[in-house]
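Participant: Sending over a structure as C-alpha cells; questions will come in a sec.
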Amino acid sequence: MARALLLMAGAGGAVYYGLTLGLYAAVPVLLCSVLFVAPRRNPRPVPEVMGDLDPRAIKRYRVEHPGVGILEAAEALSRTG
Numbered sequence: 001m002a003r004a005l006l007l008m009a010g011a012g013g014a015v016y017y018g019l020t021l022g023l024y025a026a027v028p029v030l031l032c033s034v035l036f037v038a039p040r041r042n043p044r045p046v047p048e049v050m051g052d053l054d055p056r057a058i059k060r061y062r063v064e065h066p067g068v069g070i071l072e073a074a075e076a077l078s079r080t081g
C-alpha cells in the first residue's frame, strides 16, 4: 500500500514537473513568435506615391541615379510618367 502511494506521488510529481517545465519553455517561444515572426506576415503599407509604378522601374531609376531613395525615385517617376 505504501509502495503504491509512493508510486502515485512520484508519478504526480513527474507530471507536475513536466507541465511546469513545459510552460516555462512555451512562454519564451510564444513571446518570440509574437514579437518577431508575426510582424513579418503583415507588411508595411505601400506609400500612395508608389501607386501603380513598376518596382523594376524604380530599381532601374535608382541604378541610373545613385544615392536616390525609393520614395524619391517613385516621385520622380510619377512626375515624368
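Anchor point for the sequence shown: position 4 equals 4 in our numbering, and the numbering is continuous, going up by one each time. Even for Gly, the Cβ is constructed at its ideal location relative to N, Cα and C.
According to DSSP, simplified to helix, strand and coil, what is residue 66?
Facilitator: coil
Participant: Give the straight-line distance between the Cα atoms of residue 60 and residue 75, rounded to the nearest whole angstrom.
Facilitator: Rounded to whole angstroms, residue 60 to residue 75 spans 14 Å at the Cα level.
Participant: Rounded to the nearest angstrom, what separates residue 62 and residue 54 at their Cα positions?
Facilitator: Using only the alpha carbons, I get a separation of about 13 Å.
Participant: Can you round the beta-carbon distance between residue 57 and residue 77 to whole angstroms, since I take them to be within the 8 Å contact cut?
Facilitator: 6 Å
Participant: Which of the three DSSP states is assigned to residue 71 in this structure?
Facilitator: helix
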